[in-house]
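Everything below concerns the one structure shown next.
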Amino acid sequence: MATPIVTALAVYEAGKKAYEAYQGIVAFVSLGSHSPTPEEEILARLEVLHQDFVALQGRFDEVMEAVKQAVRVEQQAYVLNLRRDLEGLRGRARTATDELNSWAVGGRKDPLLRSNADNNSRLAANTLLEGDSYFYRPDPNSPDSVFDHRLAYIAYVYVLTVRFGVIAGLNPQYREDRLAREELTRHAARLDWVFQNADRAIEPRIGGGPDNRGSYFLAHQCVDHISGYDTGHTEVGWRPGGQVEYDDARARYSDQLRADMRVRTGLAKLMGCHDTVAYWAKDPRTPGWSPWTPVEVPDSVVSLAAASDRPGHTVLVWRDPDKGQLRTTSYDATAAAPAWKPSVAISAENTVREEPTPRAVASGPGLITVVTRGKDGGVYATHTDPTRPTGWLDAPVRVSGDTTDVLYAEAAATPGFVVVVWRDNGTGALMAAFQDAKGAWGPPQAATPAGATSLGSDLTVTCPSPGAVLAVWSMNNRTLHGVTYDSHAANPVWSAPAQIAEFPGNDFASSIHAMGTGDGKADVVWQGGFGSMWNIHYDGGWSAPAEITPRQLTHWGVPYTIVPAVTGDRRANWFWQGRDSRVQTIYRDPQQPQWSAPLRLGQPWWSYSEVAAVSVAAGNVSLYRVDFGSEIGEVPELLTCFYDTATPTAPARIADARALVARAQTLWNLPGPARDEANARAADAIAVAREVVALDPGYRATLAQWLVFPAGTYLMGSGRHDEAIERMGEALCLYDELIHEQPGSDELLWRKAWTLVNVAQALWGKPDHAQGVQRAVEATELLRQLAATKPTYRTGLAQWLVFPAGTYLMGSGRHDEAIERMGEALGLYDELIHEQPGSDELLWRKAWTLVNVAQALWGKPDHDQGAERAVEATDLLRQLATENPGRYRGGLGDWLMFPTTPYLRQSGRRDQALARAREAVDIFTALNATDPVTYGPKLAAAKKLLDEC
């Protein structure tokens with residue numbers, strides 16, 4: 000019989016593997032890579048997922064046995080049927096993967112395979128989306144059912160990951176597709192429903208209570224009623240405190256026990272999967288926090304710090320516990336191919352203390368400084384140096400002088416300098432050292448008189464404004480004190496120490512933390528004894544202490560810390576790992592007196608890890624933390640999440656639109672229903688391009704071009720003429736605006752003419768022939784003006800004079816006007832052929848024009864001239880076909896069949912008609928021998944024409 004921990008582990012592993020596959024697909028799609036193709040990479044990820052699930056089948060069987068054992072014997076048939084149905088859904092999802100693979104391997108030509116992959120993956124996922132019964136089993140003790148997600152969850156994460164892979168494979172820019180986002184949003188809601196029901200089955204049991212002597216007793220146990228997992232009874236024992244302290248301890252242990260059980264039973268992975276699906280389902284224009292994702296750093300990472308010296312550039316620094324040295328890596332989001340660089344050592348081995356965490360600060364572009372404690376007790380610093388092989392100083396420099404009995408090493412930066420402050424344990428004074436803009440350190444100086452601090456004091460340092468320093472420390476008498484330093488003063492000195500606050504009630508902060516916002520303001524916070532956060536605010540003077548979060552959120556004591564981050568728009572953020580083992584945050588915007596309500600970011604973690612926070616752009620914050628694994632056996636992993644402001648730059652969004660345009664073109668060239676998707680992707684591109692134009696009007700020409708092609712032309716090609724005309728009308732308005740602003744631009748005038756030509760075709764197909772003709776004539780008139788000053792436009796003018804202008808005039812019965820414009824085209828082609836006598840393309844264009852002139856003359860009617868022009872056209876094309884039969888012989892056969900042979904026969908020139916009909920039969924007989932599918936029908940038509948002659 001499977002034990003509860005074994006079944007919990009199986010559910011955990013299923014969620015973990017699906018989560019990894021989902022994140023792998025997301026990572027690939029979000030990078031926008033096209034080598035290998037999206038389908039190939041996604042299929043590779045899905046194949047790994049399938050093999051992982053095959054390898055886990057033994058564990059899944061144990062889950063099945065556990066569920067069977069939870070019901071009566073006569074109820075086990077229901078469980079077996081449930082398993083059969085779930086395996087059928089997994090099989091359907093696997094079929095979808097196979098169909099997507101066959102479609103990709105087959106050159107993406109079979110629309111049925113593509114459609115089937117979409118349908119099968121959608122059906123498998125939607126069945127579990129809509130079917131609540133899959134997540135219940137019979138209750139052996141009542142006629143009701145009881146929630147048990149284990150079997151269905153294993154199947155659901157598999158089919159949902161396959162469904163996401165198919166969505167992303169068929170449309171890597173799926174986030175611009177409203178329907179795809181809505182589908183994934185429904186699945187995110189379903190995952191939350193599963194989690195909420197499963198979480199209700201976790202029962203922390205806290206017992207004990209206070210006595211009448213100032214102490215309380217506490218014991219705990221936690222049970223998951225779905226898996227049967229039971230932590231067992233644990234006695235914490237007696238602790239000092241009364242009812243209030245006991246209630247706080249009960250709440251703290253309840254949160255911790257639930258968090259641990261969520262990790263053990265796989266619900267933490269479910270939460271991470273939900274966050275990932277929800278994030279990638281949201282509209283990219285909606286701000287929000289990303290899910291936690293891995294950072295590929297091969298080293299062992301502890302004591303993590305982060306800094307940014309310019310937009311998009313992040314530097315991580317940590318202590319390698321195996322080597323006792325500092326290492327660093329960096330990431331540049333603005334690079335053509337962003338990636339984390341290989342880590343480098345920035346200190347010698349066995350030179351760095353385990354505590355405290357190194358401090359990393361930026362004092363200007365290209366200058367990041369790291370401060371740490373050495374094993375000899377001194378304070379050391381190193382900084383970036385692009386002249387060195389590693390990009391850093393060869394070795395850290397000692398900044399604390401000869402003193403070795405020091406405590407703390409707090410650092411802060413402002414443009415132009417870095418300050419580090421420490422406590423000299425021998426004198427009880429705070430000492431400071433400054434690094435200038437070139438990276439040179441000055442000698443240590445006293446920031447306070449001797450005896451200004453007490454043993455057990457905590458220290459924090461920040462820069463409230465450029466050139467200003469604020470150092471704050473706690474005293475054993477439950478007070479806070481501070482000193483300031485202004486580098487802009489005529490003779491900069493540290494101010495005299497002053498008491499700035501008193502801890503309220505019986506609180507005594509184990510640690511204090513400061514953050515300056517660069518506008519003369521700063522905040523100091525600490526954890527209160529009952530799990531709330533307290534704050535004093537500096538704005539030239541200090542506010543009274545205020546409780547800024549609800550209670551029972553934070554941990555009191557070492558090692559629990561609070562990490563600040565100030566964004567470029569001066570939003571102040573605090574981050575910490577809460578009692579529920581989840582990272583939590585609050586923020587306050589500039590000019591706002593109140594802090595936000597606490598927000599939890601992601602899933603709970605098994606072990607504590609400090610969070611590193613850094614702002615890399617206005618409004619943006621990135622978080623980093625190490626997941627040290629758990630009793631389940633995971634390996635330590637560096638993770639990150641970030642606040643997505645949903646305000647990408649115009650170049651970034653136009654790149655998204657270009658990708659959508661490229662996808663639309665690819666889909667349009669596929670057979671079958673893919674053309675509907677091509678129209679949808681083109682519409683997505685237009686929507687994004689409109690957003691970009693609202694940000695930067697410099698992209699109006701790009702939007703106008705895409706409104707015509709592919710958006711307008713694809714709509715026209717799909718018979719949606721009114722929509723095509725609307726898009727192209729918008730393009731004309733844009734071109735008119737641009738021409739008004741840039742009256743000398745030939746390119747804009749040509750683009751307007753090109754748009755008019757396309758509008759003419761859309762109107763003709765609507766059909767609105769009168770307006771179609773009018774727009775075609777306008778296009779040729781505009782292009783004629785350009786050709787008068789730039790002869791390079793003559794080729795395009797000649798082509799448009801024939802089609803659409805000439806053919807539409809002819810189709811409207813305006814034959815003389817058609818003949819006139821086609822005659823102008825013939826004159827232009829004769830000029831061009833004289834200038835380029837070896838151009839087969841120009842000769843073919845002249846022959847094509849003659850064919851159209853022949854039809855216009857015939858319809859006038861001027862049959863003799865019409866037949867004569869048709870003969871001239873085929874004579875000219877015959878010359879070309881003699882030299883290049885592979886390219887022109889089929890076209891010659893077509894023109895011989897129409898209009899040449901019918902025009903000659905109806906003009907009484909039967910012998911000439913007969914000869915040309917025989918020639919057509921000969922041509923198509925030869926071509927039919929190699930391609931009967933294409934030329935067989937044409938050969939039959941040519942023989943019929945010959946018989947009629």
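Numbering-wise (numbering that gives the first Met the number 0), the sequence shown opens with residue 0 and increments by one.
Using N, Cα and C, we set each Cβ at its ideal position, and we do this for glycine too.
Nearest Cα to TRP847 within the set PRO836, CYS948, LYS859 and PRO898: PRO898.
Note on geometry: alpha-carbon atoms of ALA451 and PRO297 lie some 44 Å from one another. Residues ALA258, PRO603 and TRP604 of the same chain have their beta carbon placed closer than 6 Å to that of SER580, with the five preceding and five following residues left out of the count. When C-alpha distances from HIS312 are compared across ASP321, MET474 and ALA361, the shortest belongs to ALA361.
For PRO137, the enclosing beta strand (DSSP E) has its first and last residue at 135-137. By the 16-neighbour rule on beta-carbons within 10 angstroms, TRP857 is buried. For SER473, the secondary structure class from DSSP, reduced to helix, strand or coil, is strand. Per DSSP, TRP753 is not a residue of any beta strand (DSSP E); the alpha helix (DSSP H) it occupies stretches across 745-764.
In this structure the segment 831-838 does not lie against the segment 861-876, because fewer than three pairs of beta carbons, one per stretch, are closer than 8 Å. For TRP573, the uninterrupted beta strand (DSSP E) segment begins and ends at 571-576.
C-alpha of LEU458 to C-alpha of VAL524: approximately 12 Å in a straight line. In the structure shown, GLU295 falls within a coil segment according to DSSP collapsed to helix, strand and coil. Counting of Cβ neighbours within 10 angstroms places TRP237 among the exposed residues, the total staying below 16.
If you compare the alpha carbons of THR900, THR184, ALA431 and ASP568 with that of ARG868, the shortest gap goes to THR900. Between LEU666 and ALA673, the CB-CB gap stays under 8 Å. Residue pairing of GLY373 in beta bridges, as defined by DSSP: VAL351.
Proximity to ARG750 across ALA703, SER289 and HIS512 peaks at ALA703, based on C-alpha coordinates. Taking the C-beta atoms as reference points, VAL104 is found no nearer than 8 Å to LEU638. Here DSSP, grouped into helix, strand and coil, assigns ILE547 to coil.
Per DSSP, the continuous alpha helix (DSSP H) segment holding ASP97 begins and ends at 75-104. Here the C-alpha atom of ILE153 lies approximately 50 Å from the C-alpha atom of PRO388. Look at the segment 200-239 and you find these whole runs of beta strand (DSSP E), each 3 residues long or longer: 201-209, 214-223 and 233-239.
The criterion of a C-beta distance shorter than 8 Å is not satisfied by THR350 and GLY376.
The beta carbon of SER144 lies closer than 7 Å to those of TYR135, ARG136, PRO137 and ASP138 in the same chain, with the five residues before and after it left out.
As a beta-bridge residue in DSSP terms, GLU636 pairs with ASP626. CA-CA distance, THR327 to VAL300, rounds to 10 Å.
As the crow flies, the alpha-carbon of ASP745 is around 51 Å from that of ARG909. Under a 10 Å Cβ-count criterion, HIS219 is classified as buried, with 16 or more other Cβ atoms of the shown protein chains found around its own Cβ. In the three-state scheme derived from DSSP, where H, G and I count as helix and E and B as strand, ASN619 is classed as strand. According to the DSSP assignment, LEU112 belongs to no beta strand (DSSP E) but to the alpha helix (DSSP H) extending over 110-129. Taken in chain order, the whole beta strand (DSSP E) runs of length 3 or more contained in the segment 463-524 are 467-474, 478-485, 497-501 and 511-515.
Taking the Cα positions, ILE499 is about 21 Å away from ALA571. For VAL396, the three-state secondary structure derived from DSSP is strand. In the three-state scheme derived from DSSP, where H, G and I count as helix and E and B as strand, SER329 is classed as strand. The segment 781-792 and the segment 733-744 do not touch, with fewer than 3 CB-CB distances between them shorter than 8 Å. The beta carbon of SER214 sits closer than 8 Å to those of TRP237, ARG238, PRO239 and GLY240, all from its chain and outside the five residues before and after it, given in chain order.
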